[in-house]
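Engineer: The working numbering puts the first residue of the sequence shown at 2, with every later residue one more than the last.
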Amino acid sequence: DGTMTPTELIRLCVDRGLKVISISDHDTTNGLPETFAAAKLYPDLTVIPGIELSTDVPGGEIHVLGYFVDHNDSELQKVLQTFRDGREGRAEGMVKRLGEMDVNISWERVKEIAGDASIGRPHIAQALVEAGYVEYPKDAFDKFIGREGPAYVERMKLTPEDAIKLLLHHGAVPVMAHPTYSESKSDRDEVGSLTETLAGLKEAGLVGMEVYYGDYTLEQIGYLKELADKFDLIPCGGSDYHASGNPNEPEPGMAGPPLSTVVALRAAKDRM
Numbered sequence: 002d003g004t005m006t007p008t009e010l011i012r013l014c015v016d017r018g019l020k021v022i023s024i025s026d027h028d029t030t031n032g033l034p035e036t037f038a039a040a041k042l043y044p045d046l047t048v049i050p051g052i053e054l055s056t057d058v059p060g061g062e063i064h065v066l067g068y069f070v071d072h073n074d075s076e077l078q079k080v081l082q083t084f085r086d087g088r089e090g091r092a093e094g095m096v097k098r099l100g101e102m103d104v105n106i107s108w109e110r111v112k113e114i115a116g117d118a119s120i121g122r123p124h125i126a127q128a129l130v131e132a133g134y135v136e137y138p139k140d141a142f143d144k145f146i147g148r149e150g151p152a153y154v155e156r157m158k159l160t161p162e163d164a165i166k167l168l169l170h171h172g173a174v175p176v177m178a179h180p181t182y183s184e185s186k187s188d189r190d191e192v193g194s195l196t197e198t199l200a201g202l203k204e205a206g207l208v209g210m211e212v213y214y215g216d217y218t219l220e221q222i223g224y225l226k227e228l229a230d231k232f233d234l235i236p237c238g239g240s241d242y243h244a245s246g247n248p249n250e251p252e253p254g255m256a257g258p259p260l261s262t263v264v265a266l267r268a269a270k271d272r273m
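#1: Can you give me the C-alpha to C-alpha distance between V21 and A39, rounded to a whole angstrom?
#2: Could you have a look at L168 and say whether DSSP puts it in helix, strand or coil?
#3: Judging by CA-CA distance, which residue of L169, Y182, L99 is the nearest neighbour of Y153?
#4: Should R122 be labelled buried (16 or more other beta-carbon atoms within 10 Å of its own) or exposed?
#5: Which same chain residues, not among the five before or five after V263, have their C-beta less than 6 Å away from its C-beta?
#6: My output table needs one value for V154: the three-state DSSP class, helix, strand or coil.
#7: By Cβ distance, which residues of its chain are closer than 6 Å to N31, with the 5 residues on each side in sequence left out?
#8: Mind pulling the alpha helix (DSSP H) runs of 4 or more residues that sit fully within the segment 27-100?
#9: On a CA-only basis, which of D26, V58, Q78 is nearest L195? Give me that one, please.
#10: Just curious, the beta strand (DSSP E) that I235 is in, first and last residue?
#11: Please report the residue range of the beta strand (DSSP E) in which Y214 lies.
#12: Label G133 either buried or exposed according to how many other C-beta atoms from any shown protein chain fall within 10 Å of its C-beta, with 16 as the threshold for buried.
#13: Helix, strand or coil for S261, going by three-state DSSP, please let me know.
#14: If you draw a straight line from the C-alpha of F142 to the C-alpha of S245, how long is it?
#15: For I222, I'd like the list of residues in its chain whose CB is within less than 8 Å of its CB, leaving aside the five on either flank, ordered along the chain.
#16: In the DSSP assignment, what are the bridge partners of I22?
#17: Report all residues from its chain with a CB closer than 6 Å to the CB of D241; omit the five preceding and five following residues, and keep chain order.
#18: In the structure shown, what three-state DSSP assignment does V248 receive?
#19: What does the alpha-carbon distance come out to for the pair G289 and K41?
#20: Identify every residue that forms a DSSP beta bridge with M255.
#21: Out of curiosity, what's the CA-to-CA distance linking A265 and W108?
#22: With 16 other CB atoms within 10 Å as the buried threshold, where does D190 fall?
#23: Looking only at DSSP bridge pairs, what is M177 linked to?
#24: Pick helix, strand or coil for F232, following the three-state DSSP scheme.
#25: Classify I106 as helix, strand or coil using the three-state DSSP reduction.
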């Protein structure tokens with residue numbers, strides 16, 4: 002769900018000297034065949050197939066990563082297609098609302114930007130940048146399409162517990178993405194306690210949580226590592242790079258977990 006193709010992203014990761022990566026688009030695995038094809042040129046690079054599911058909780062949202070997802074699983078693809086259909090309808094609704102505000106972007110252009118990815122707000126944000134309505138994609142969220150924005154449209158609801166169970170059922174290792182994001186984007190108190198949230202998700206089958214992420218400070222990393230240890234969760238991480246054009250966006254190689262995380266994730270997969 003970024004602006005680079007999988008082939009371009011593979012080249013960038015190799016140039017940065019990375020040895021193990023995962024590409025995890027929102028609600029789709031359509032980019033994985035190209036990813037693996039591109040990675041064949043670089044035998045020293047290991048690619049872990051991934052996916053990221055968007056889920057809702059009262060007052061906010063939680064994203065759940067699925068590592069070692071099988072993109073050839075036809076039953077899983079049927080479920081993902083329903084998610085993508087919901088995302089597309091929601092995105093088209095946002096474009097319509099923007100038009101009603103005399104903020105005019107082309108739905109066709111949004112689809113072009115998305116390409117094979119599952120259409121979402123980042124693609125609308127990019128179209129708004131291109132059309133000159135905002136300077137950076139993050140400004141589009143702040144001004145128009147964020148949770149409190151005038152063009153925001155609710156999406157089809159999926160709970161994080163259901164996402165975890167779905168991933169486990171299809172042989173993927175579920176990991177909570179960017180936990181502090183879930184806290185900071187909450188508009189009520191329900192997502193305010195990571196301890197309570199993690200307790201419930203662990204019971205549902207959560208295996209890991211992101212500890213090393215983007216621009217996390219050492220203090221945040223320490224806090225999250227303590228929580229991961231408390232709930233016996235694998236401390237994962239990554240840059241969450243989208244090539245969005247936002248200033249100071251963390252790039253591949255700037256954030257990531259130790260190699261022991263990869264070993265632990267593989268062991269978790271082997272136990273399934």
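Backbone N, C-alpha and C fix where the C-beta goes; we use that ideal spot for every residue, glycine too.
Structural biologist: With the structure as the only source:
#1: Whole-angstrom Cα-Cα distance: 14 Å.
#2: In the structure shown, L168 sits in a helix (DSSP, three-state: H, G or I).
#3: By alpha-carbon distance to Y153, the top candidate from L169, Y182, L99 is L99.
#4: Result: buried.
#5: Hits under 6 Å: V21.
#6: Of the three classes helix, strand and coil, the one that applies to V154 here is coil, per DSSP.
#7: D117, listed in sequence order.
#8: The segment 27-100 contains these whole alpha helix (DSSP H) runs: 33-40.
#9: For L195, the nearest C-alpha among the options comes from V58.
#10: Looking at the DSSP string, the run of the beta strand (DSSP E) that includes I235 is 235-239.
#11: DSSP places Y214 in the uninterrupted beta strand (DSSP E) bounded by 209-214.
#12: Sixteen is the threshold: since fewer than 16 other Cβ atoms of the shown chains lie within 10 Å of the Cβ of G133, the residue is exposed.
#13: DSSP places S261 in helix when its eight states are reduced to three.
#14: For F142 and S245, the distance between alpha carbons rounds to 12 Å.
#15: The residues are V212, Y213.
#16: Looking at the DSSP assignment, I22 forms a beta bridge with V48.
#17: Excluding positions up to five away in sequence, the list reads G215.
#18: Per the sequence shown, residue 248 should be read as Pro rather than Val. Note: P248 maps to coil in three-state DSSP.
#19: What the structure shows of the chain is the stretch from 2 to 273, and residue 289 is not part of that stretch, so it cannot be assessed.
#20: The partner list for M255 (beta bridge, DSSP) is empty, contrary to what the question assumes.
#21: Approximately 43 Å between the Cα atoms of the pair.
#22: Bear in mind that a pLDDT of 41 at D190, under 50, signals an unreliable position, so the number given afterwards is only what the model happens to contain. With a 10 Å radius around the Cβ and a threshold of 16 neighbouring Cβ atoms, D190 comes out exposed.
#23: Beta-bridge partners of M177 (DSSP): V65, M210.
#24: In the structure shown, F232 sits in coil (DSSP, three-state: anything other than H, G, I, E or B).
#25: Residue state for I106 is assigned as coil, using DSSP reduced to three classes.
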